[in-house]
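Q: Residue numbers (my numbering), protein chains in the order written: chain S, 19 to 348; chain Z, 569 to 825.
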Amino acid sequence: MIKDSSYKKHIPTVILAIILIIYPFASGNNYHINVMTLVGLYTMIVVGLNLLMGYAGQISLGHAGFFGIGAYCSGLLNVKMGLPPWISAIIAIIFTAGIAYFIGIPTLKLKGHYLAMATLGFGEVVHVILSKMDWLTDNPDGLADIKPFGLFGIKFDSSFVMGQYFMAWIIAVAILVISMNITNSRVGRAFKAIHGSETAASSMGVNIAKYKVQVFVLSAVYAAVAGCLYAHFRQFIAPSIFQLHTSITLVTMVVIGGQGNIWGAVLGTVLLTWLPEWLTVAEEYDIMFYGILLMVVMIFMPDGLVGRLTTLFHRLWSRFSPRTQAEENG
Amino acid sequence: MSTPILEVDNLRKEFGGLVAVNDVSFKVHPGQIMAIIGPNGAGKTTTYNLITKFYPLTSGNIIYKQKRIDHLPSHKMAGLGITRTFQSLQIMNNMTVLENVMVGYHCKSKHGLITAALRLPLYKKEERDGRNKAMSVLEFVGLESKADWPASSLSFGEQRMVEFARALVCDPDLLMLDEPASGLNIPEMEHMAELIYRVRDNGVTVMLIEHDMGLVMNISDVVTVLNYGQKIAEGTPRDIQNNQDVITAYLGEELDF
Ligand SMILES: Nc1ncnc2c1ncn2[C@@H]1O[C@H](COP(=O)(O)OP(=O)(O)OP(=O)(O)O)[C@@H](O)[C@H]1O
Ligand SMILES: [Mg+2]
Numbered sequence: 019m020i021k022d023s024s025y026k027k028h029i030p031t032v033i034l035a036i037i038l039i040i041y042p043f044a045s046g047n048n049y050h051i052n053v054m055t056l057v058g059l060y061t062m063i064v065v066g067l068n069l070l071m072g073y074a075g076q077i078s079l080g081h082a083g084f085f086g087i088g089a090y091c092s093g094l095l096n097v098k099m100g101l102p103p104w105i106s107a108i109i110a111i112i113f114t115a116g117i118a119y120f121i122g123i124p125t126l127k128l129k130g131h132y133l134a135m136a137t138l139g140f141g142e143v144v145h146v147i148l149s150k151m152d153w154l155t156d157n158p159d160g161l162a163d164i165k166p167f168g169l170f171g172i173k174f175d176s177s178f179v180m181g182q183y184f185m186a187w188i189i190a191v192a193i194l195v196i197s198m199n200i201t202n203s204r205v206g207r208a209f210k211a212i213h214g215s216e217t218a219a220s221s222m223g224v225n226i227a228k229y230k231v232q233v234f235v236l237s238a239v240y241a242a243v244a245g246c247l248y249a250h251f252r253q254f255i256a257p258s259i260f261q262l263h264t265s266i267t268l269v270t271m272v273v274i275g276g277q278g279n280i281w282g283a284v285l286g287t288v289l290l291t292w293l294p295e296w297l298t299v300a301e302e303y304d305i306m307f308y309g310i311l312l313m314v315v316m317i318f319m320p321d322g323l324v325g326r327l328t329t330l331f332h333r334l335w336s337r338f339s340p341r342t343q344a345e346e347n348g
Numbered sequence: 569m570s571t572p573i574l575e576v577d578n579l580r581k582e583f584g585g586l587v588a589v590n591d592v593s594f595k596v597h598p599g600q601i602m603a604i605i606g607p608n609g610a611g612k613t614t615t616y617n618l619i620t621k622f623y624p625l626t627s628g629n630i631i632y633k634q635k636r637i638d639h640l641p642s643h644k645m646a647g648l649g650i651t652r653t654f655q656s657l658q659i660m661n662n663m664t665v666l667e668n669v670m671v672g673y674h675c676k677s678k679h680g681l682i683t684a685a686l687r688l689p690l691y692k693k694e695e696r697d698g699r700n701k702a703m704s705v706l707e708f709v710g711l712e713s714k715a716d717w718p719a720s721s722l723s724f725g726e727q728r729m730v731e732f733a734r735a736l737v738c739d740p741d742l743l744m745l746d747e748p749a750s751g752l753n754i755p756e757m758e759h760m761a762e763l764i765y766r767v768r769d770n771g772v773t774v775m776l777i778e779h780d781m782g783l784v785m786n787i788s789d790v791v792t793v794l795n796y797g798q799k800i801a802e803g804t805p806r807d808i809q810n811n812q813d814v815i816t817a818y819l820g821e822e823l824d825f
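1) Apart from the five residues just before and just after Z/R580, which ones in its own chain have a Cβ nearer than 8 Å to its Cβ?
2) Within this structure, are the beta carbons of S/G282 and S/G309 separated by less than 8 Å?
3) When you compare the CB positions of S/G86 and S/V144, do they come within less than 8 Å of one another, or not?
4) Please determine if the stretch 149–162 of chain S and the stretch 87–105 of chain S are in contact, where contact requires at least 3 C-beta pairs separated by less than 8 Å.
5) Taking only heavy atoms of ligand 2 into account, decide whether any of them is closer than 7 Å to the Cβ of Z/K612.
6) Starting from Z/H674, find everything on chain S with Cβ-Cβ shorter than 9 Å and list it in chain order.
7) Z/N700: buried (16+ other C-beta within 10 angstroms of its C-beta) or exposed?
8) Check whether the Cβ of S/L236 lies closer than 8 Å to any Cβ atom in chain Z.
9) Starting from S/G83, follow the beta strand (DSSP E) in both directions and report where the run begins and ends.
10) Please classify S/W296 as buried or exposed, where buried requires at least 16 neighbouring CB atoms within 10 angstroms.
11) Within 8 Å, do at least three Cβ pairs link the stretch 260–279 of chain S to the stretch 311–327 of chain S?
12) When burial is assigned at 16 or more other CB atoms within 10 Å of the CB, is S/Y60 buried or exposed?
13) If I'm right that Z/H639 touches S/G223 with Cβ under 8 Å, what's the distance once you round it to whole angstroms?
14) Measuring CB to CB, does S/H212 end up less than 8 Å from S/G75?
15) Measure the C-alpha to C-alpha separation of Z/H597 and Z/Y765 and round it to an integer number of angstroms.
16) Give a yes or no on whether the C-beta atoms belonging to Z/L794 and Z/G606 are separated by under 8 Å.
17) Going by the DSSP bridge assignment, what does Z/D577 pair with across the sheet?
18) Hey, is Z/A646's beta-carbon within less than 8 Å of any beta-carbon in chain S?
19) Under 8 Å, with one C-beta from each stretch per pair, do the stretch 239–255 of chain S and the stretch 686–697 of chain Z reach the 3-pair mark?
20) How about the stretch 674–690 of chain Z and the stretch 196–215 of chain S: do they share at least three Cβ pairs that are nearer than 8 Å?
21) Under 8 Å, Cβ to Cβ, is there at least one residue of chain S near Z/H779?
22) In whole angstroms, give me the CA-to-CA distance for Z/L743 and Z/V772.
23) Between Z/V669, Z/E726, Z/V774, which lies nearest to Z/V790 when the distance is taken from Cα to Cα?
24) Given the structure, does Z/Q658 come close to ligand 2, in the sense that its CB is under 7 Å from one of the ligand's heavy atoms?
25) Under 9 Å between beta-carbons, which chain Z residues line up against S/S363? List them in chain order, please.
26) Is it the case that the CB of Z/Q655 approaches a heavy atom of ligand 1 more closely than 7 Å?
27) According to DSSP, what are the bridge partners of Z/Q798?
28) Out of Z/D716, Z/R652, Z/F708, which has the shortest C-alpha to C-alpha gap to Z/A735?
29) Going along chain S in order, which residues have a C-beta closer than 9 Å to the C-beta of Z/F654?
30) Which of the three DSSP states is assigned to Z/T651 in this structure?
31) Please determine whether the Cβ atom of Z/A749 lies at a distance below 7 Å from any heavy atom of ligand 1.
32) Use the C-beta contact count for S/V64: other C-beta atoms within 10 angstroms, 16 or more gives buried, fewer gives exposed.
33) Find the nearest neighbour of S/N279 within the set S/N68, S/Y49, S/G83, S/N48, judged by alpha-carbon distance.
34) Name, please, each residue of chain Z whose Cβ falls closer than 7 Å to the Cβ of S/I200.
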């Protein structure tokens, strides 16, 4: 009865994968490839935030905090206790999930502005704690000497640009695929139902509190994965990136790309990382630039770029496809 | 008579000083269509909200299938077989029609985050079953051709049907409809009445809040009348039409049976 169109929904993923494989060879510029590696890491966080914001209708202005907890936890376990990076990363991800769970339970009872403020507060607390870490890191600037990931004797340090790029993007695409599977499931529909009507959702058996915490923890786990990769790629981390500025950038990426659309996360991240580079906006002004962009998008295309493009595409499609027209008329 | 499927005993709800539901008791018997009527603000919707746990009770008991359920949270109701619709439409505008209805399948399925993420066999089976079930219910209400439309693009009457379908998809034993016909035009209303009949004939017990007296008197087996939070009458549609208290309660209002 239902036709199986599953091959169709893989097309965008395949196209993305092809572009990602070609890119570093076509570019050949190590600086650009490193920027794209960073885009890969941000994509992970933004996909999670998109699930939280676009699907479940919640918000977090503190996700740089989870990014930071993941990075510092894995870095410290590696530097201080000598755990191999893979092990320290897995522990860090589990640890971050635990923190998100305990933060999420009380926080997600709040709505709207209160939730935004509470998560913002959480992010700032994390930032302050990381800034006062010098007693542990023995270094006032941050945590140094983090070991890179190793695989079959190959070290994924900063000189292995391609290695970091592919590791980041293989994990990012895996997160994308997993997230798409989730959105097309009972769980994803529960997220969306909470956004659409908590009343209806709970009358249909959706445990609102449980699913809100689930999506929050999931998004924190994605951020922690990005944090671990970041720490072991850079081999040095400083608290300055794990703060409100980054949280707001991440939220802007979600909104610009398109809430409620996984592909929006990729587009938003790519765009907001490259735009400032192209426009050579001075570092201090980029948050102002994001602010203006955020306002413009919210006013003129609340569904974000991907949402806007999909609507345009559908409009063109129905104009030029005689079959659809016939269906509509009769 | 058969044991009631639902028994409400001295149900009471106070909002501050206002007693919205004042020690109301009634029984609903399996296979019946039981209507609750009453003037605006009589406490009908509040009674539903108490039974489905959207509000905590001030006092009283709710017994469903001979078990007390007043301590359970609202999301447990669907799993027990109690589903409802809403007077103020609660459509998920961010989802398609089919997805809206598939949310109704939530309590019939159980796969979680990890099963879905990895597309394990249970996920595939439940997705397929849920989809088929939702499509068959959409066919039942006549919306199968709009399954993939955004729910927000449907007319008001069609959205009422989506809610109705969503409440049916998990095969409830007790279906609680809150003014399902309000805002519908005459043909839509007749369609709705016929569907309610057919649902009842399939063995579902139906509770119905409705202002349209023609509809109520036509399709219900038992009518309970609330006024200012109190139950003032109960009986067959014929009894109710001749009940002096009911006529007085509705005095001043347009009442055409
Ligand atoms: N959440 C609430 N807080 C305070 N008062 C409420 C609340 N919900 C309902 N009430 C009040 O309780 C009374 C009963 O309301 P209810 O919605 O149950 O009436 P109803 O019989 O469904 O009326 P209608 O036919 O207009 O839908 C009204 O006076 C209403 O104002
Ligand atoms: Mg009402």
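Just so you know, even glycine gets a beta-carbon here, dropped at the ideal spot from N, CA and C.
A: Walking through what the data contain:
1) Result list for Z/R580: V587, V589, N590, D591, V592, L625, T626, S627, G628, in chain order.
2) In this structure, S/G309 does not lie closer than 8 Å to S/G282 by Cβ.
3) Against a cut-off of 8 Å, the Cβ pair of S/V144 and S/G86 comes out as a contact.
4) Verdict: yes, contact present.
5) At least one heavy atom of ligand 2 is nearer than 7 Å to the Cβ of Z/K612, so yes.
6) Listed along the chain, the chain S residues whose CB falls inside 9 Å of the CB of Z/H674 are R204, R207, A208, A211, A219, M222, G223, V224.
7) By the C-beta density criterion, Z/N700 is exposed, having fewer than 16 other C-beta atoms within 10 angstroms.
8) Closer than 8 Å: yes.
9) That residue, S/G83, is in no beta strand (DSSP E); its alpha helix (DSSP H) goes 81–99.
10) Exposed, by the Cβ-count rule.
11) Contact between the stretch 311–327 of chain S and the stretch 260–279 of chain S is present, because at least three Cβ pairs lie under 8 Å.
12) With 16 or more other Cβ atoms within 10 Å, it is buried.
13) In this structure, Z/H639 and S/G223 do not form a Cβ contact; the two beta carbons are roughly 17 Å apart against a cut-off of 8 Å.
14) According to the sequence displayed, residue 212 of chain S carries Ile and not His. In contact: S/I212 and S/G75 (Cβ atoms closer than 8 Å).
15) Taken atom to atom, the span from the alpha-carbon of Z/H597 to that of Z/Y765 is near 16 Å.
16) Going by beta carbons, Z/L794 and Z/G606 fall inside the 8 Å limit.
17) For Z/D577, which the question treats as bridged, DSSP gives the partners Z/N629.
18) Put simply, the CB of Z/A646 is near chain S, with a gap under 8 Å to one of its CB atoms.
19) They do not touch, by the three-pair rule.
20) Proximity of the stretch 674–690 of chain Z to the stretch 196–215 of chain S meets the contact definition, three or more beta-carbon pairs being nearer than 8 Å.
21) With 8 Å as the cut-off, Z/H779 does not count as an interface residue toward chain S.
22) Each residue's Cα considered, the two are about 7 Å apart.
23) For the options Z/V669, Z/E726, Z/V774, the alpha carbon positioned closest to that of Z/V790 is the one of Z/V774.
24) No, since every heavy atom of ligand 2 falls outside the 7 Å radius drawn around the Cβ of Z/Q658.
25) Past the edges of chain S, shown from 19 to 348, lies residue 363 of chain S, and the structure says nothing about it.
26) Yes.
27) Per DSSP, the beta-bridge partners of Z/Q798 are Z/N795.
28) Looking at the Cα atoms, Z/R652 is the closest of the given residues.
29) Chain-ordered, the chain S residues with CB closer than 9 Å to the CB of Z/F654 read S215, T217, A218, S221.
30) Here Z/T651 sits in strand by DSSP.
31) Exclusion of Z/A749 from the 7 Å shell around ligand 1 follows from its C-beta lying no nearer than that to any non-hydrogen atom of the ligand.
32) S/V64 comes out buried.
33) The shortest C-alpha to C-alpha distance from S/N279 to any of S/N68, S/Y49, S/G83, S/N48 is the one to S/N68.
34) In chain order: L681, A684, A685.
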